[in-house]
Each structure stands twice: as C-alpha cells, then as structure tokens.
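Asks: Okay, here's the structure, questions in a sec.
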Amino acid sequence: MADAGMLRFHVPEPEVRPGGTPDFSNVTIAAAGSVPRPEIDVDPRTIRDMAFSIIRVLNRNGEAVGPWAGLLSDEELLEGLRHMMTLRTFDARMQMAQRQGKTSFYMQHLGEEAVSCAFRKALAPGDMNFPTYRQAGLLIADGYPMVTMMNQIYSNEADPLKGRQLPIMYSSKEHGFFSISGNLATQYIQAVGWAMASAISNDSRIAAAWIGDGSTAESDFHSALVFASTYKAPVVLNVVNNQWAISTFQGIARGGSGTFAARGLGFGIPALRVDGNDYLAVHAVAKWAAERARQNLGPTLVEYVTYRAGAHSSSDDPSAYRPKTESDAWPLGDPVVRLKNHLIRLGVWSEERHKQAEAEILDTVIAAQKEAESHGTLHAGGKPSTRDMFEGLYAEMPPHLRRQRQQAGV
Amino acid sequence: MPRRTMIEAIRDAMDVSMGRDAKVVVFGEDVGFFGGVFRCTQGLQAKYGKSRCFDAPINESGIVGSAIGMAAYGLKPCVEIQFADYMYPAYDQLTQEAARLRYRSNGDFTCPIVVRMPTGGGIFGGQTHSQSPEALFTHVSGLKTVVPSNPHDAKGLLIAAIEDPDPVIFLEPKRLYNGPFDGHHDRPVTPWSKHELGEVADGHYTVPLGKAAIRRAGSAVTVLAYGTMVYVAQAAAEETGIDAEIIDLRTLLPLDLDTIVASVKKTGRCVVVHEATLTSGFGAELVALVQENCFYHLEAPVARVAGWDTPYPHAQEWDYFPGPARVGRALMETLEA
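Quick mapping for you: the protein sequence lines, in order, are chains A and B.
Those letters in the first sequence? Residues 0 to 409, by numbering that gives the first Met the number 0.
Those letters in the second sequence? Residues 0 to 336, by numbering that gives the first Met the number 0.
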C-alpha cells in the first residue's frame, strides 16, 4: 500500500457559483412513469431502490403516465392549479408588502407550491401537519382565510397570534397546521409524538412531519426517525429538498449519502423520492404514505426533489452565492407551468383561461390584502395591545407576571 | 397513615394519576418493564399496559419532543430524564418549544407535560450525576419548576404538576429518595418510615404549586431553601442554637413571595441556601427579591451558601456540598453583622 501522506480536509462545494453557468447534469432524473407503485403493505426491504430514484407522473409533453397516475379528477386538478397560483400570488403581494415596510419579514414558496398544496389534499380531516415556515400551501389548500394569514403577517389588531410571533409563523389547530417555531427541526419529533398519541388513543388520525434539506442535519431529525421507527408511528416524514439552506447547498447536509430519502433506510423506514414540481406525483406519493400510516403500517419518509426558486427570505440575496439563472436551468421545471400544460393537454384549460384565472386570483388576493390592512400593518393602524404581551403564557397568570404587567402600566 | 419513601410516593402519584385519567402516559429510559433505575415507575407497565408506560430510546430531545407532540394531541405525558445532568440535549425542546407553545399559538396548542428529573448531589455522583440545574429552568418564561423535599409533598406536588395545564419541570433530589439527609455523611441515614413527612395518604390529594412551607418557625433569621438543603438548614439551626425560620420553597417558579417577605420582615435577616453553583444561581434571584421587597426591614446583608463555582467533583464531595457547618457559619455571621 502506498504511503497515505498528509490527511486532507474535505468540504463539499456546489458545482457552480455566481458568474458560472448553471449545470444540473449531475442530477439523475428518472423518466415519468418509470418507477413502479408497490402495494402499501410492501416489505420495506424490497423497495430500497426507490430511495434513489424519482417518482414522476407528468412527462415532457404534459401527459400523466405510469402507475402513479390517474388518482385525481379534472376538477381536483383544476382546484390544485388554483391553489398553487393563489399561493404564488399571495407570496408576491406579501413580498411586496414587506418591501413597502408594511411588515418586517416574509418568506416565499416560489417553485415549491406543488409540495404543500398537493400534500394537503392527501390528508383527511383531523390529521395534523407539523410544518416548517415554507408550507403555507397547506393552509391555502385547506381553505384557511388569506385575510387571517395576512393579519398574522402584519401583526395587526386582528392577528390571531396577538402580535407575539414573527410573520408567517402561523398556527391553526382547526386546519391541522401546528404552530410554527423558529427553531429548526423541533417539530419533526413532535409530529412523531403526536402520531404516537393517536396510536396510543386508538384513533384513526395521522401526522405529517415537515423539514427542509438543510435541517435534516439537526439532531431532532435523527430523534424523529428513531422514535418513528421504534414505535411504528402513523406519521409521514416529509423532507423538502429544495437544494438550498440559505446559502448552503444541499451537499453540506447530505454529505456522502446518496439522497435524503436514503436516510430512512437505516431506520427500516420505507423511503420514496418524488418529483416535487409534479403536482400529480406529490399527491399520489403523499396518498400512498398517508394510507400506509392510516393502515397502521408505520411511517414513510418522502423526499420531495424541488428547487428554491426565490430568495431564502426577504432578508436574503441569493445572487451572492448561486447563479441568477439557476432556477431556469432546474430540470424539473415550474410546478404551475407543468400542471397548466397538463390541463391544457387534457382539454380542460387554456392559455386564455389561465390568464383570466391569474387576474381573478390577483383581485381576490388584493381584496384580502385591503381587508387585512384595514386592521393595521406593522407600523400603522390597529395593533395588538401591550396587555396581550403578558397574557397567555400560562393558563393562569402567575403573581410575578401580574406585577410586571402593572409596572408596564397595563 | 401509611409511610412511604419518596420513591414510593412518586410512584404512587403516577399510579393515582394514571388511574384517574387515561390521558396520562409515562415513559423514558428504562422506565417501562424495568421500572426505572430508581424504581420510581415500578409496576406501572404491568398495571396499565405498554401503551401507557413504556421504554424510550436514549434520546432526551426525542423524549421531550415526542411528549410535546403528545400533549398537543391531548394526552398528558409525564416523562423522565434519567438524571437532570442529562437534560441538556432536551433543552431546546424544553425552552423553545414546551415553554412557549401556548404563548406563541395564543392558546391554539398547549403543553401539559411533566418532566421528572432526579437532581442534586451528596451521593458521590461526580460531575454528571449530581448537578442542580434549576436556574436554567427558572430563567425560562413559560415553565414551572418544582423541587419537593419529602414524600408527602412529592406525591401531592407531582399530582398537581400532572394536572397542571402547563409544562412543569419536576426536580427530585435523589439524595432524599430513601430518607432525609442533613449533610452529616458520617452518620447513618434515617429512613422515611421514621419521619413524619414520610406519611403519605392513599389516593388522590394535591399540594398546590406556588406555595412554600415553613418547616421551622423562628424569629432570628429566615433561611430560604429547597430540596436536600431544607434538612441541612434544620441541622445547622439546631447545632448553632439559632432560632432560624426555615422556609421550604417547594416551587421555585411561580415563587411564593408573600411567605418569604412576611418572614424576612419579621426576622430582619435572610440566608439563602442551595446546592447549585453560586454565580447566577437561583439564590441570586431570591436575594434580589428579598432586597427589593424587604430593604427597610433588613438588619444585615442577605447571605448565600451554595455550591462552589466549579463542576461537581467526585473525591471532594463533602468539601463541595454545602453542609451544616457552612450553613451554620453563615447563620452566625448574619446574626453578628
């Protein structure tokens, strides 16, 4: 054996930096329809290769093909398109509102709309999502009022969270949307606990855990997989791989692992990888995993392969760390355009109707925005009371907080 | 009335709570089949089944994080961290999640969990089996922190904690598990069966959170203590002959300030005692509150007797542990000041 010489430290780097030409030739993409659809009670050991492929339904021609196709009616697909378009318009208006100083902060979903919008339609009433800050499509697709979302973003007098939370950290038990926390990955293990509780209670409800590619490096990701595996908890463990964690490319979190889905294999958790920009594929895979959970067959890990087309947040400028045109080069395209083309191909949609829908949705979002702004924005108009700052920490206010509230003069 | 050890009282509290409310679940490392490394959960799995009492992976963040999810669902988990020294991996879940869930969701979700942790030294536990991390919890808005000092209180406080709608950190001084301990390590330990506070009623009762107990009425100086230090302070009072009023705080947050202030206004002097390290320990908060509320009644500086600002050592156990001699000296110095 040759002399090994000095050790060299390895730090993964993305292939392209600003000024370079985007290149995704290293991303292997299975053809639409090529990945089989196993029975939900499949022995997880026999489908390990699914953690390294990509389940896709929509092909280049906008046709739905293969064993994962055919679950949704034309009406359901049209509704899905409307949800994604609504989320995109909502994002654009709120991003603008942040730039106008009406709120302090915003985070968009640009390019990832299919993931949360399609997933929501695979759940049943009573199921609980434990989302990150980039799954507002779960609320949009469940009919949560946009005005209420905006009230939260504006921290105004109608904010359901009384101005206590940073914008977009929504909470709605009624809509199966667990309170968002700023601390990454904490909700992943909480989702498993919620699912364990449902099983302990002999209930039929399931949980869905959400995490991004970067946050899989947090220890609570590991905690969640251990607990989900040990107790066979009825939970869908979602990993949204949008390639970027702020400025850090996914290779830093993924390391030598082939895929994020492959992380599930060591825990004996069946793992699927899906085209996150394919509304039909996302929905079909979510349905499969949800059904497994509901049939008491245990957890499933699902990696959604997508691309964070927008900035990380309103405080971020991606041109400092990646090529400006990288999202255009992303081989899985745009989820809205792909579903639109599919519906046109089906003959139930047209470019004209799409433009008309865009205009209608914009009107609806603007009307919601006007209503929300009538309740105030961060620095103008109605706002939560100082008293609200002291309330609601404990079920009953302890004496020391009562004294502090008096000192504050409220 | 039956006499029980603190271990039996804690076990009884969980037994009573699980019997009354099917939503109460108990889990942690070695808590299920084996009944816990301190036997606090012995028999619970056999009685209530594996769905109600079960073993957990060695993952503190996972134990607390999953308990938070269960609480959000509607259960009332009472979980165990094997030693308080090992709570740090769960600190993120406790401080950023459990403590804030009600507040940040405006009551949409709540977190009625209890996290039990054996705490404190005096057992040759060395650096990671002796710590007293209570100040790391009392500094966190949204948590309640409880430290019982005897079997009667341990049962009543634990049932109250389990029934409380908010997250409670329940620190169990493991030195007191089998009997009271006054710091005289060279003398045989008296079991709880010989102590009146070992009397633990059968069935359901609670000791309310946020209420202190006066263990020894006195007029010369007020001693604020909790856990093992209650007995150390009692021994110090007897051995010095000083008529100290000894207050067992029982709950650190919310704190029973009224009882403290009434006592210090009466005695005019105050000594704070805890095992935890001195700097930024809970004693600093107590001293500040006494100073703010009793300034014109104080006849001497408020003194603190605490663990030294070092990691908890092994060989030097009794040089570190604040025993009756050190506490006695502080009492005398306060009277002479």
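Just so it is clear, CB atoms sit at the ideal spot from N, CA and C, and this is done for glycine as well.
Are V25/B and R51/B close, meaning C-beta to C-beta below 8 Å?
Replies: Against a cut-off of 8 Å, the Cβ pair of R51/B and V25/B comes out as a contact.
Asks: Check whether the Cβ atoms of L271/A and M49/A lie closer than 8 Å to each other.
Replies: Yes, the Cβ-Cβ distance between L271/A and M49/A is below 8 Å.
Asks: Rounding to the nearest angstrom, what Cα-Cα distance links F53/B and Y87/B in this structure?
Replies: F53/B and Y87/B: Cα-Cα distance of roughly 22 Å.
Asks: Are the Cβ atoms of T250/B and G209/B separated by less than 8 Å?
Replies: The answer is yes: Cβ separation under 8 Å.
Asks: Just to confirm the assignment, what range does the beta strand (DSSP E) spanning I245/B have?
Replies: Where I245/B is concerned, the enclosing beta strand (DSSP E) stretches over 243-247.
Asks: Compare the C-alpha of A283/B against each of G155/B, T118/B, I259/B, V301/B and name the closest.
Replies: Nearest of G155/B, T118/B, I259/B, V301/B to A283/B, Cα basis: V301/B.
Asks: Can you say whether S373/A is buried or exposed, counting buried as having 16 or more other CB atoms within 10 angstroms of its CB?
Replies: Counting Cβ neighbours within 10 Å, S373/A comes out exposed, since fewer than 16 surround it.
Asks: Give me the chain A residues within the contact set of G27/B, using Cβ-Cβ distance strictly less than 8 Å, ordered along the chain.
Replies: Those within 8 Å of G27/B in chain A number zero; the least Cβ separation is about 13 Å.
Asks: To the nearest angstrom, how far is the alpha carbon of I205/A from that of K286/A?
Replies: About 12 Å.
Asks: Between H399/A and chain B, is there a C-beta pair that is closer than 8 Å?
Replies: For H399/A, the answer is yes, since a Cβ of chain B falls inside 8 Å of its Cβ.
Asks: Going by Cα to Cα distance, which pick from I80/B, V270/B, G267/B is closest to P117/B?
Replies: Nearest C-alpha to P117/B: I80/B.
Asks: Taking any Cβ of chain A, which residues in the stretch 96-127 of chain B have a Cβ under 7 Å from it, in chain order?
Replies: Listed in sequence order: E96, L100, R101, Y102, R103, S104, N105, G106, D107, F108.
Asks: Let me know the beta strand (DSSP E) ranges lying completely inside the stretch 137-215 of chain A, each 3 residues or longer, listed in chain order.
Replies: Entirely contained in the stretch 137-215 of chain A, the beta strand (DSSP E) runs reaching 3 residues are, in chain order, 206-211.
Asks: Give the secondary structure of N292/B by DSSP, where H, G and I count as helix, E and B as strand, and everything else as coil.
Replies: N292/B: helix per DSSP, three-state reduction.
Asks: Does chain A have any CB closer than 8 Å to the CB of L254/B?
Replies: Closer than 8 Å: yes.
Asks: Counting only the same chain and skipping the five closest in sequence on each side, list residues whose C-beta sits under 7 Å from that of F180/B.
Replies: For F180/B, where only same-chain residues beyond five positions count, the Cβ hits under 7 Å are G121, R174, V188, T227, Y230.
Asks: Can you find the residues in the same chain that come closer than 7 Å, C-beta to C-beta, to Y102/B, ignoring five residues on each side of it along the sequence?
Replies: Cβ within range, chain order: G141.
Asks: Assign S228/A to buried or exposed, taking buried as 16 or more other Cβ atoms, counted over all protein chains shown, within 10 Å of its Cβ.
Replies: Result: buried.
Asks: Rounded to whole angstroms, what's the CA-CA distance from E96/B to F220/A? Just pull it up for me.
Replies: Distance between the alpha carbons of E96/B and F220/A: 15 Å.
Asks: If you check the beta carbons only, do I167/A and I152/A fall under 8 Å apart?
Replies: Contact flag set, yes.
Asks: Go through its chain and collect everything with a Cβ distance to L248/B's Cβ below 6 Å, but skip five positions before and after it.
Replies: Contacts found: A211, Y225.
Asks: Should the stretch 71-78 of chain B be called in touch with the stretch 177-195 of chain A, which here means at least 3 C-beta pairs below 8 Å?
Replies: Touching, per the Cβ criterion.
Asks: Is the shortest distance between the beta-carbon of M69/B and the beta-carbons of chain A less than 8 Å?
Replies: Output row for M69/B: interface = yes.
Asks: Closest to P56/B by CA distance: which of T40/B, E28/B, Q44/B is it?
Replies: Here the closest residue by C-alpha is E28/B.
Asks: Can you say whether F294/B is buried or exposed, counting buried as having 16 or more other CB atoms within 10 angstroms of its CB?
Replies: With fewer than 16 other Cβ atoms within 10 Å, it is exposed.
Asks: Could you tell me which of Y90/B, V139/B, H183/B, T144/B sits nearest to V113/B, measuring between CA atoms?
Replies: Ranking Y90/B, V139/B, H183/B, T144/B by Cα distance to V113/B puts T144/B first.
Asks: Using a Cβ cut-off of 7 Å, which residues of the stretch 136-167 of chain A contact any Cβ in chain B, in chain order?
Replies: Those would be P159, L160, K161, R163, Q164, in chain order.
Asks: For the stretch 249-261 of chain A against the stretch 315-334 of chain A, are there 3 or more C-beta pairs whose distance is under 8 Å?
Replies: Short answer: they don't touch.
Asks: Identify, in the order they occur along the chain, each residue of the same chain with its Cβ nearer than 7 Å to the Cβ of E59/B, setting aside the five sequence neighbours on each side.
Replies: Cβ within range, chain order: I80, Y85, M86, P88, A89.
Asks: Specify the secondary structure class of K143/B as computed by DSSP and reduced to three states.
Replies: Here K143/B sits in strand by DSSP.
Asks: Look at the Cβ atom of L165/A, then the Cβ atom of E217/A, and state whether they are nearer than 8 Å.
Replies: Against a cut-off of 8 Å, the Cβ pair of E217/A and L165/A comes out as no contact.
Asks: Give me, in chain order, the residues of the same chain whose beta-carbon lies closer than 6 Å to that of E325/A; leave out the 5 immediate sequence neighbours on both sides.
Replies: Counting only Cβ-Cβ distances below 6 Å, and skipping sequence neighbours, we find P21.
Asks: For D180/B, name the three-state secondary structure that DSSP assigns.
Replies: The residue asked about is misnamed: residue 180/B is Phe in this sequence, not Asp. Coil at F180/B, not helix or strand.
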